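Numbering (our numbering), first residue to last: 1 to 190.
Built from N, CA and C at the ideal position, the CB exists for glycine as well.
As the structure is a prediction and not an experimental result, all values here were calculated from the model.
Written out below as structure tokens is the structure these notes cover.
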Amino acid sequence: MLLFPRNVRSKKTCKNEVSMNQSANKSPSFSRNAIKIMAMVPSIAIAFAIFYFSSQPAAESTVMSDGVTEMLLSIADKLHLLELQNIDVPAICELLSTPVRKCAHITEYTVFFLSLLFGLRTFGLHGKQLLNAALAITFFYACTDEIHQLFVPGRSGRFTDVLIDSIGAAAIRLLAPMFTGQTKNRAFPS
1 MLLFPRNVRS KKTCKNEVSM NQSANKSPSF SRNAIKIMAM VPSIAIAFAI FYFSSQPAAE
61 STVMSDGVTE MLLSIADKLH LLELQNIDVP AICELLSTPV RKCAHITEYT VFFLSLLFGL
121 RTFGLHGKQL LNAALAITFF YACTDEIHQL FVPGRSGRFT DVLIDSIGAA AIRLLAPMFT
181 GQTKNRAFPS
């Protein structure tokens, strides 16, 4: 914007206008970068939560799983789905401990995958590219989590656990094109 006719403006005024235009141009990129960072915060928070849970020794993890199992049994009792009076709760907790832990892992990594979908969209990824990137990151993080567990007392790292952790993310990756109309009448989405 010209405040003075060209022949009347000083060099100082021109420099101030150029400086203002440059800072105005930097502002949108700063806000875009801030949005990208903020969009990734949920994924980072979930990754830290997964790391925290994986850092717990096996004994503590078992106590937590048993607590969740007891809570689920209590809810089922209150909903009259089963009666706890006729059930040996410790035996049921021991029986359900592994499935409850595996379901928790599937849920954690599915939520991680979904949060990655949210965050990665701000980087311009869409469609298959977005789904594949989020799945790859989820799978890679599950691998690093299993390596991390090798150093935690009583825990072990297994590739089968990586596959179990990634099941929810892989299912969403495979089913998403069917629900978003990206299959284009193909029998199997790619």
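In this structure, threonine 138 lies away from serine 97, with their beta-carbon atoms at least 8 Å apart.
With a cutoff of 8 Å on beta-carbon distance, valine 89 and serine 65 are scored as not near each other. Threonine 122 carries a coil assignment under DSSP once its states are collapsed to helix, strand and coil. Annotated three-state conformation of leucine 150 is coil, per DSSP. The alpha-carbon of leucine 79 is positioned some 30 Å away from that of isoleucine 172. The Cβ neighbour count for tyrosine 109, taken over all protein chains shown within 10 Å, is at least 16; the residue is labelled buried. One alpha carbon belongs to valine 162, the other to valine 41, and they sit about 23 Å apart.
Excluding residues up to 5 positions away in sequence, Ile164 lie with their Cβ nearer than 6 Å to the Cβ of lysine 102 in the same chain. Judged by their CB atoms, alanine 134 and leucine 116 are nearer to each other than the 8 Å cut-off. Boundaries of the alpha helix (DSSP H) harbouring arginine 173: 159 to 180, taken from the DSSP string. For leucine 73, the enclosing alpha helix (DSSP H) has its first and last residue at 58 to 78. For isoleucine 50, the number of other beta carbons within 10 angstroms of its own is at least 16, and it is reported as buried. Beyond the five residues adjoining it in sequence on each side, isoleucine 87 comes within less than 8 Å, by CB distance, of Leu73 in the same chain, given in chain order. Looking at the backbone, the Cα of threonine 144 and that of glutamine 85 are separated by about 43 Å. In the three-state DSSP reduction, leucine 82 falls in the coil class, being neither helix nor strand. Relative to the Cα of glutamine 56, the nearest Cα in the group His148, His126, Thr69 and Tyr141 belongs to His148. Only exposed fits serine 156, as fewer than 16 other CB atoms lie within 10 angstroms of its CB. The beta carbon of alanine 176 is closer than 7 Å to those of Leu131 in its chain, skipping five residues each way along the sequence. When rounded, the separation of the alpha-carbon atoms in valine 111 and serine 31 is 26 Å. By the neighbour-count criterion, in which 16 or more other beta carbons inside 10 Å mark a residue as buried, leucine 120 falls on the buried side.
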